[in-house]
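Residue 1 is where the sequence shown starts when you use the UniProt record's numbering, and the numbers rise one by one after that.
Where a beta carbon is used, it is the ideal one built from N, C-alpha and C, also for glycine.
Note that the structure is predicted; figures quoted are calculated from it, not measured.
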Amino acid sequence: MAESASYYRYWGKAKPEAGDGPVYHLLPYHCLDVAAVASCWWERSKSLRQQFTQSMQMVSEEQAKTLVLFFVALHDLGKLDIRFQSKAQHALSNLQPDASLKNAGEDYYHGPAGYGCFVLEYLRYGIEFGNEDAAFDWLQQVAGHHGVIPDYAEFINPAFVDESIIQRDQQARIDWISDLAELFQIDLNATLESVPPMLAGFCSVCDWIGSSEYFPYESTPNIPLSSYLESRRAQAEEALTAFGIFAQLKTNKTLETLFPGYTPQGLQTLVEQLPLQQNLTLIEAPTGSGKTETALVYAAKMLHAGLAESIIFALPTQATANAMLDRLEKMADYLFKDGANVVLAHGKSSLQQSLHTINRVTAQGLEEANQQAIRWLTASKKRAFLGQIGVCTIDQVLLSVLPVKHKFVRGFGIQKSLLIVDEVHAYDSYMYGLLGKVLQQQYQAGGSVLLLSATLPQKQREDLAANWNKSTVPETEVYPLITQIYRQKSLETFAISDSQQLPTSREVLLETWRLPELKFDEFSLQRIIDAAKQGAKVAVICNLVADAQWLVKRLADAAIGIQISVDLFHSRYRFVDRQHLEDAVKKLYGKDNNQRAQGGRILVATQVIEQSLDLDFDWLITQLCPVDLLFQRMGRLHRHARPGHERPQNFRSSPSCVVIVPEQSLEYGHSGKYVYQNTRVLWRTEQLINRPSVEFPQAYRDWIGKVYMEQPWVDEPKSITDAFLHYQDTVEKVATMAANYVTNVDAKTLSDESDDATKLTRDGEMGLTVLPVIVEGGQRLTLEGCNGQ
């Protein structure tokens with residue numbers, strides 16, 4: 001490892017032109033900067049060490065570490081080539097005055113090239129691993145550090161270049177691998193373990209951090225490799241802390257200390273019984289019963305046990321993610337010392353922390369790691385996966401298994417975290433297919449997952465367990481229930497044994513209105529107005545935005561002169577408007593009586609209010625929907641206990657829900673079957689609500705089990721059964737489509753910022769970005785008044 005080794009004639013980072021200080025950073029030193037980051041991160045993170053070592057099976061933690069550092073240091077092997085070196089002529093002329101190759105590196109990508117030359121030249125490097133294919137897999141993972149893991153090995157020597165330069169490049173690669181093997185004490189003849197699932201993402205993030213201003217350029221080879229690596233530990237520690245990777249836990253890990261003022265009740269009393277080990281946990285409990293707090297307290301315990309490095313909380317919608325952010329920011333102060341990196345990620349969130357320390361222009365342009373770090377780390381929907389607590393929409397998690405750039409970095413962020421997925425019942429079959437792939441990857445990487453739901457049909461419980469580790473889940477009537485599936489396929493359930501802690505029985509009165517196309521008539525409009533006149537907070541939930549817009553206009557016209565406010569809330573507003581509306585809705589119809597609207601008021605909304613928003617209504621009217629979603633909507637009724645005088649006289653006793661069903665049986669119209677294509681579920685739900693009331697929590701298992709049972713009901717119409725068989729065929733095709741997106745190696749790799757990537761996460765809910773404008777004086781102006789041309 002002499003300082004005159006051939007690889008010291010190659011630069012790894014370079015400034016675009018001469019200035020103060022060194023203008024280039026020697027390649028071996030940059031690679032060791034990245035290795036120093038990886039080493040410090042490894043030593044600081046118990047969970048990271050365990051996950052890497054577990055996935056490599058027959059090795060110790062120290063052996064796993066040396067292999068990881070060796071291959072991380074090889075991530076820029078492809079830069080030992082004249083084509084890359086020619087990207088910075090001023091650096092090349094200093095290091096190799098006899099070499100000149102202008103404009104030859106424009107189409108040269110050092111990541112794939114490094115993988116290609118490793119596969120083609122490995123015998124020259126002295127590599128005789130007992131299973132060279134495994135070695136190829138390791139190098140392939142680190143070679144993808146700029147966004148895409150190369151699919152195949154291809155390396156062609158540069159044309160029109162003197163043979164001596166080609167030989168020099170090859171010798172530099174030989175020397176570099178040999179000296180790194182000596183530095184990390186790697187036996188190149190040993191049998192190599194299979195590649196850890198987290199390696200590609202770990203290497204990429206370490207490369208971005210190791211490319212920051214925390215690591216000054218060194219252009220003279222006057223420091224031995226071992227000394228240099230040791231000297232960069234302090235910078236690595238500082239950089240990892242600055243980027244929010246490290247945070248120190250407080251001792252708090254109970255409900256009382258994480259949520260001051262709370263007393264454990266119901267499901268929350270079971271947390272102390274839950275084993276701390278890698279697992280898939282399914283928490284089923286009624287709406288408003290404290291599932292979120294239960295999950296977060298258990299997550300805190302897992303962090304304290306070194307079984308996860310961070311928490312990621314995924315929710316179905318932007319509105320639910322926004323609401324969860326407020327709760328988690330408060331909890332973070334009790335969980336972490338000196339605050340924590342809590343980031344919201346759903347594409348409309350703003351940057352929450354300055355990252356100016358990595359802002360540096362380089363000669364290599366956009367391909368370089370620190371430039372990618374600027375783009376990647378300042379896009380909060382990605383950065384959520386690197387902090388201590390990330391709050392995101394489920395789409396952002398699903399992107400980790402789709403053909404998008406940096407999917408393995410998302411995967412790494414998820415796999416090192418305890419992943420919590422809320423409202424699991426809210427996802428369609430296509431998204432379930434992708435979620436299944438996420439569960440598989442989390443299991444393979446040694447991570448854990450918590451799934452939260454009011455309740456799930458048995459088929460979905462079975463599918464989730466099968467995706468985790470091919471386990472089976474027995475059918476049960478017990479409710480509420482926590483189910484844990486461990487790595488060894490063993491399963492354990494936890495139920496509330498203290499009858500005093502069981503959920504309070506709750507009756508919701510039922511009424512049905514039969515209306516054509518589920519549309520409101522004069523009678524129904526007047527009933528809604530009359531309830532508001534009595535002082536009731538009324539929610540009307542429509543399945544389509546168009547229905548909600550139409551209804552608001554009708555109600556507003558009917559309310560003229562009687563001072564009844566009618567609000568509208570759906571998902572198609574401009575984001576800035578939607579944010580204001582969401583905040584207003586949470587205040588006007590929320591828990592805090594000091595902020596709630598005085599007197600009667602009507603909210604017309606779509607499905608955006610059925611998940612996670614803490615709203616409290618006196619009366620609910622809803623168009624027919626599947627039973628599990630109907631129960632979610634009912635969860636907004638009398639959500640909080642209030643003194644009698646705070647609710648109108650006629651709305652103080654048992655809460656009441658009106659369900660609008662089709663005038664003609666089996667005709668579910670555009671507001672039903674075109675939104676919820678499983679018409680058998682709609683028909684069965686309609687049959688069950690033809691009774692005076694529904695009793696909770698018994699109905700969660702009973703009704704949902706009946707509605708989603710696979711066998712036809714005795715009195716089920718043939719048209720409904722036939723429609724379900726057609727629906728099943730569609731579901732199978734959709735599941736196949738999801739699997740194909742995940743496994744198709746020929747698929748075009750998309751930017752994870754693109755609309756096309758977002759479309760891949762949801763079936764039938766393709767996003768469309770629209771910029772509303774007005775035309776004045778022949779110019780198009782945005783609604784804020786800026787010139788939109």
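For Gln-415, there is no enclosing beta strand (DSSP E); the enclosing alpha helix (DSSP H) covers residues 407-415. Assignment of beta-bridge partners to Cys-392 by DSSP yields Ala-314, Ala-345. In this structure, the straight-line span from the alpha carbon of Ile-312 to that of Gln-278 is close to 16 Å.
Taking 8 Å as the upper bound for CB-CB distance, Glu-610 and Gln-632 are in contact here, some 4 Å apart. Here the alpha carbons of Met-324 and Leu-637 stand approximately 20 Å from one another. Take the alpha-carbon of Lys-65 and the one of Ser-211: they are about 21 Å apart. When Phe-84, Phe-155, Tyr-115 are compared, the shortest CA-CA separation from Val-72 is found for Tyr-115.
Where His-304 is concerned, there is no enclosing beta strand (DSSP E), although the alpha helix (DSSP H) around it starts and stops at 291-304. Of the candidates Ile-389, Arg-701, Leu-725, Leu-725 places its Cα closest to the Cα of Gln-711.
Taking C-beta atoms under 8 Å as the contact rule, Ala-247 and Asn-341 qualify, at a distance of about 7 Å. Comparing alpha-carbon positions, the option among Gly-201, Leu-270, Glu-646 lying closest to Asp-498 turns out to be Leu-270.
The C-beta of Met-634 has 16 or more other C-beta atoms within 10 Å across all chains shown, which makes the residue buried. Contact between the stretch 213-228 and the stretch 24-34 is present: 3 or more CB-CB pairs across the two stretches fall below 8 Å. In this chain, the alpha helix (DSSP H) harbouring Cys-40 covers 27-44.
Per DSSP, Arg-514 lies in no alpha helix (DSSP H) segment; the continuous beta strand (DSSP E) that holds it begins and ends at 506-515.
If you ignore the 5 residues before and after Pro-112, its C-beta comes within less than 6 Å of the C-beta of Pro-150, all in its own chain and listed in chain order. At a Cβ-Cβ threshold of 8 Å, Glu-284 and Tyr-430 do not count as neighbours.
When only Cα atoms are considered, Phe-696 and Lys-706 end up about 15 Å apart. In the displayed model, Asp-169 falls within a helix according to three-state DSSP. Following the DSSP letters along the chain, one finds Ser-453 inside the beta strand (DSSP E) bounded by residues 448-453. A distance below 8 Å separates the beta carbons of Gln-141 and Val-195. As DSSP reads the structure, Trp-11 sits in a beta bridge with Leu-26. Note that the C-beta distance between Gln-440 and Gly-411 is not below 8 Å. For Gln-460, the number of other beta carbons within 10 angstroms of its own is at least 16, and it is reported as buried.
In the same chain as Gln-501, and ignoring 5 residues on each side of it, the C-beta atoms closer than 7 Å to its own belong to Gln-265, Gly-266, Thr-269, in chain order. Shown here, Glu-776 sits in a strand according to DSSP, grouped into three states. For Asp-567, the enclosing beta strand (DSSP E) covers residues 565-569. Taking the C-beta atoms as reference points, Ala-605 is found no nearer than 8 Å to His-580.
Ala-190 sits away from Ser-6, with the two beta carbons spaced by 8 Å or more. Here the stretch 595-604 makes no contact with the stretch 408-426; the two share fewer than three CB pairs at distances below 8 Å. The C-beta distance from Lys-79 to Tyr-152 rounds to 20 Å, too long to meet the 8 Å contact threshold. Contact check between the stretch 298-306 and the stretch 527-545: fewer than three CB pairs, one atom from each, fall below 8 Å, which does not count as touching.
Within the DSSP secondary-structure output, Gln-623 pairs in a beta bridge with Ile-660.
If the five residues before and after Phe-617 are omitted, its C-beta is found closer than 7 Å to the C-beta atoms of Lys-537, Val-538, Ala-539, Tyr-589, Arg-636, Leu-637, all from its own chain and listed in chain order. By the criterion of a C-beta distance shorter than 7 Å, Asp-187 is surrounded by no residue of its chain, once the five residues flanking it on both sides are discounted. With 16 or more neighbouring CB atoms inside 10 Å of its own CB, His-145 falls in the buried class.
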